[in-house]
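Those letters in the sequence shown? Residues 11 to 189, by my numbering.
Backbone N, C-alpha and C fix where the C-beta goes; we use that ideal spot for every residue, glycine too.
Computed from a predicted model, the values in this text were never measured in an experiment.
Following: one structure in structure tokens, then a few remarks.
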Amino acid sequence: MDKLKLVDKLREKTNVSYEEAKTALENSDWDILDALLYLEGNGKVKRPSVNIFYTNEARYSDKSEKSDKNEENKYEKSNNFQGIFEVICKYIDTCNNIFLEIKKKDKMFVKIPLTVIIIFSFFAFWMIVPLMVTSLFFDIELYIYSKSVDTGKANKILQSISNHVKIIKEKFKKADKNG
């Protein structure tokens, strides 16, 4: 951007004179962000009420977050439908980031989001559950994978079920050989 456009843009954003905008840009090597900070430091522009801005919710760690949360809770209480909708959306997003992996001897057949499994089991319960049970008898293993949720306990349970099915399968083989 040429210098005149930078001066115009800074003047437009901060409502200062051309001379003040030009001086601020010259003192900051024509960097518009540094010029804005320079004007804030000299009291020409009002500072924002919050000094820290993040785009990721996980990084908040100051006191302003608590007041923002209180305001959000007040808003959610006054607007119940939107609050419920946001909670449902968060659960769907969480379920979309949890996957069911179907493997056989370290070869992955399919990786399906938990949301799809829930929808399938809701509409086709009579097909999904028997398929999952019979798949265990064909040495197909089920794993749950997620980056954001601890799936260790669920995988231990699935592994335990798989081991019990293998034991039952071995007993059937022994019983069949003994005739």
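Inset, instruction - Give the DSSP-derived three-state secondary structure of Ser156 in the structure shown. - result: Here Ser156 carries a strand assignment [DSSP, helix/strand/coil].
Legend entry - Residue from His174, Val55, Glu36 and Val26 with nearest C-alpha to Val143: Nearest C-alpha to Val143: His174.
Legend entry - Cutoff 6 Å; reference Arg69; Cβ partners in own chain excluding five residues on either side: Confidence in Arg69 is poor, its pLDDT being 42 and thus under 50, which makes the residue's placement too unreliable to answer from.
Legend entry - Same chain, Cβ closer than 6 Å to Lys121, five either side skipped, listed in chain order: These residues qualify, in order along the chain: Phe109 and Glu111.
Legend entry - Nearest-angstrom Cα separation, counted from Arg21 out to Ser190: In the structure as shown, the chain begins at 11 and stops at 189. Residue 190 is therefore absent and cannot be evaluated.
Inset, instruction - Quick one: using the 10 Å Cβ neighbour count with 16 as the cut-off for buried, is Glu151 buried or exposed? - result: That one is buried.
Inset, instruction - Could you tell me whether the Cβ atoms of Glu30 and Lys56 are closer together than 8 Å? - result: At the C-beta level, Glu30 and Lys56 stay beyond 8 Å of one another.
Legend entry - Three-pair Cβ contact test at 8 Å for the region 115–132 versus the region 97–106: By the Cβ test, the region 115–132 is in contact with the region 97–106, since at least three Cβ pairs between them sit closer than 8 Å.
Legend entry - Residue of Asp149, Ala185, Phe133 and Ser158 minimising C-alpha distance to Gln169: Nearest of Asp149, Ala185, Phe133 and Ser158 to Gln169, Cα basis: Asp149.
Legend entry - Backbone CA spacing between Lys15 and Asp41 [nearest angstrom]: Cα to Cα, the separation comes out at about 12 Å.
Legend entry - Ala34 burial status per 10 Å Cβ neighbour count (16 or more: buried): Buried is the call here.
Legend entry - Local Cβ density within 10 Å of Lys32, reported as buried at 16 or more and exposed below that: Buried.
Inset, instruction - Compute the Euclidean distance between the alpha carbons of Asp160 and Lys166, then round it to the nearest angstrom. - result: Within the model, the alpha-carbon separation for Asp160 versus Lys166 is close to 12 Å.
Legend entry - Nearest-angstrom Cα separation, counted from Thr24 out to Leu46: A straight-line Cα-Cα distance of about 8 Å links Leu46 and Thr24.
Legend entry - Limits of the alpha helix (DSSP H) - the one that Ile150 falls within: Where Ile150 is concerned, there is no enclosing alpha helix (DSSP H), given that its DSSP letter is neither H nor E.
Inset, instruction - Can you say whether Phe63 is buried or exposed, counting buried as having 16 or more other CB atoms within 10 angstroms of its CB? - result: Note that Phe63 has pLDDT 46, beneath the 50 cutoff, so the model's placement of it is unreliable and the number below is only indicative. The residue in question, Phe63, is exposed, as its Cβ has fewer than 16 Cβ neighbours within 10 Å.
Inset, instruction - Check each candidate in Lys13, Gly162 and Glu180 and name the one with the smallest Cα separation from Phe147. - result: It is Glu180.
Inset, instruction - Starting from the C-beta of Asn66, find all residues in its chain whose C-beta is less than 7 Å away, skip the five residues before and the five after it, and write them out in chain order. - result: Caution is warranted here: a pLDDT of 42 is assigned to Asn66, below 50, making its placement in the model unreliable, and the coordinate value is therefore given only provisionally. Nothing meets the Cβ criterion.
Legend entry - Strand pairing of Met118, partner residues [DSSP]: Lys113, per the DSSP bridge assignment.
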